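Protein chains in written order, with the working numbering: chain A, 13 to 100; chain B, 16 to 392.
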Ligand code: SF4
Ligand code: SF4
C-alpha cells in the first residue's frame, strides 16, 4: 500500500532512536533492523508523526518545504517496510 | 542526503558504536585453528561480574542497541545468564556466538524464554569431517545437538554462522539447506588472518576462483543470508553486495576483550590497535570518543597503492586486519584483492625474504604438550 500525504502514521513502540551527527539511528527491537535517518529534519518528522492526524500535518508542523516532501514521503514509505513506522 | 555522504559521516565516527563485540572470556572448550582471539585458557584478569555489569550500564547510557557476545566460549562463564540477563533488562539486545557445547535441554529452555536474544551457532562444515578439521574432533556433533535442543525448546530462528574457507566454499548450498531445515538463518563471514587464523590463513583462505564463486553465490542469495558486511572487498568484481561498504574499525565497530581492553575491531587483537580499557578513568565512553587510536582511524585515509585502481570506490582497499596480519601496508590492496594485487605483493615479500607479518599480541591458546605427562601416582 502506497503511503500518501493523507496517511496517518506513528513510530513503532519497539523502536529506539539514537541521535547522531547526521540525524539518528533507529533500531527495531522486534525485527532487529537498524535504519539510518539521514537528516535531522527526518528525525523530527518521525518523532512527531503520532502527534498529527496526517503526514501532511506532520510536515507542516516540522516546517518541511513542499519541494522536499516527495523525497521525505519516499523515505517514510521505506520506513514502513522496515516496520520502523506503521500506518494507522 | 545521499548514501555517499552517509558513508563519509560514518567514517568520521559515531557517538557510540553500532556493532560492538564483547568477548566475555578467553576460555574455550575448543581450540579452532582459525580462532580470531587465540582462545583456550581463561585470563586471570577477566572482568568480574560486577565490572561486566558496570560496562553494560555504560553501554545503556550510550544507547547501544545490541551487543555481539563472543569469546572464547561465552557460556563457560558461570555468570553468563546473569550478564546477558542484565543486558537485556537494560534494553541492550544480545546476540551471542557459541560452539553449542553448553546448550543442553535445560539451557535451551532458559534461552528460549528470553526476549531480544539471538544465538549464533558456529559451524564450518556441513559434515563432521570438514567441520572438525577446523573446529576439532566432535565439534560437529556438538553443534548439531545444540541446534536440536534449541529446536525442541522452540527457541525460534537462531543463526548458523560459517567462516568461509577453501574447504567449505563448495558447501554453501548445503549450509543454506541445513539452515532452512532448522528454520534457522544462515550467516557466512570472511576468514581473516587474525588470532590463530594468522597462522592458518595461508592454507585456509579461499582461492581466487573461489572468491568469485562466493561473490556470485552472495549475489544470488544475499537477501536471505547475513554476512556482517564482511565481503565488501568482493565488490570490485561488479555489482555491489548489499550492506555498508566500509571498514568500520573504530568508526562504527569495536571490540571489548575479556579483560576490558578496547580494540578497533574483533580481528585486530594487537597492541597497535588497542585504544584503551573500559577500566580506565572515563571508561568505555572516553575510549570510544577520545582515544588517539580511534580519532586517527576516523581521519580520511589514503588509498595508497589502491589510488590508481578503478575499483577503489567499490572495494575501499578491503580489510585492514587482513592487510595487517599478512604484513601488507594498510594503505594498499587487501591480500585477497580480486585483481590479484595483494597476492603479487605477498609473493614479492616472500621471495625477497622480508615476509615478517606481525603476530597477534594476546595469545590464550592452551599449551600443547609434546611429551605425555606422567600418570599421577
Ligand atoms: S587494488 Fe585495491 S581498490 Fe583495487 S580491487 Fe584491489 S584492493 Fe580493491
Ligand atoms: S579491519 Fe577488517 S574486519 Fe575489522 S572492521 Fe575493518 S574490514 Fe572489518
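Virtual Cβ for every residue (Gly too), placed ideally from N, Cα, C. In this text, all values refer to a predicted model and were calculated from it rather than measured experimentally.
CB contact check: residue i to chain B, cutoff 9 Å
i             : result
residue 31(A) : yes
residue 48(A) : yes
residue 88(A) : no
Short Cβ contact (9 Å threshold) for residue i with residue j
i              : j              : result
residue 307(B) : residue 279(B) : no
residue 82(B)  : residue 100(B) : no
residue 240(B) : residue 206(B) : no
residue 150(B) : residue 45(B)  : yes
residue 36(B)  : residue 84(B)  : yes
residue 44(A)  : residue 37(A)  : no
residue 340(B) : residue 213(B) : yes
residue 96(B)  : residue 39(B)  : no
residue 67(A)  : residue 19(A)  : yes
residue 24(B)  : residue 34(A)  : yes
Inter-residue Cα distance where the pair is residue i and residue j
i              : j              : result
residue 248(B) : residue 72(B)  : 36 Å
residue 219(B) : residue 180(B) : 5 Å
residue 105(B) : residue 98(B)  : 11 Å
residue 34(B)  : residue 267(B) : 6 Å
residue 345(B) : residue 43(B)  : 31 Å
residue 17(B)  : residue 97(A)  : Annotation note: pLDDT 49 at residue 17(B) (below 50); position unreliable, coordinate value reported separately. When rounded, the distance between both Cα atoms is 21 Å.
residue 60(A)  : residue 70(A)  : 7 Å
residue 329(B) : residue 335(B) : 15 Å
residue 302(B) : residue 79(A)  : 42 Å
residue 175(B) : residue 145(B) : 16 Å
residue 325(B) : residue 226(B) : 19 Å
residue 168(B) : residue 192(B) : 21 Å
residue 12(B)  : residue 15(A)  : Shown here, chain B extends from 16 to 392; a query on residue 12(B) therefore has no answer.
residue 25(A)  : residue 198(B) : 27 Å
residue 132(B) : residue 75(B)  : 16 Å
residue 70(B)  : residue 299(B) : 8 Å
residue 188(B) : residue 259(B) : 24 Å
Nearest-angstrom Cβ-Cβ length linking residue i and residue j, presumed shorter than 8 Å
i              : j              : result
residue 209(B) : residue 282(B) : 4 Å
residue 351(B) : residue 333(B) : 7 Å
residue 162(B) : residue 136(B) : 6 Å
residue 285(B) : residue 376(B) : 5 Å
residue 86(B)  : residue 41(B)  : 7 Å
residue 21(B)  : residue 48(A)  : 6 Å
residue 95(A)  : residue 40(A)  : 6 Å
Within-9 Å CB hit, residue i to chain E
i             : result
residue 44(A) : Looking at the structure shown, chain E is missing, and the protein chains on hand are A and B.
Neighbour list for residue i in chain A, Cβ cutoff strictly below 8 Å
i              : result
residue 78(B)  : 28 and 30
residue 131(B) : 41
Partners in chain B for residue i, counting only beta-carbon separations shorter than 7 Å
i             : result
residue 59(A) : Ordered by position in chain B, no residue passes the 7 Å Cβ test against residue 59(A), which lies about 15 Å from the chain.
Residue i at chain A interface by Cβ criterion, 9 Å
i             : result
residue 40(B) : no
residue 27(B) : yes
residue 30(B) : yes
residue 7(B)  : Nothing about residue 7(B) can be reported from this structure: the residues present for chain B run from 16 to 392 only.
residue 36(B) : no
residue 33(B) : yes
residue 20(B) : yes
Residue i: contacting residues in chain A (beta-carbon distance under 7 Å)
i              : result
residue 24(B)  : 33 and 34
residue 72(B)  : Going along chain A, no residue has its Cβ under 7 Å from residue 72(B), so there is no contact; the nearest lies around 17 Å.
residue 355(B) : What residue 355(B) touches in chain A: nothing, since even the nearest Cβ is about 34 Å away.
Under 9 Å by beta carbon: chain B residues contacting residue i
i             : result
residue 17(A) : Within 9 Å Cβ-Cβ: nothing; residue 17(A) doesn't reach chain B, min ~22 Å.
Contacts of residue i in chain B (Cβ-Cβ under 8 Å)
i             : result
residue 85(A) : Ordered by position in chain B, no residue passes the 8 Å Cβ test against residue 85(A), which lies about 16 Å from the chain.
residue 37(A) : 29, 33 and 80
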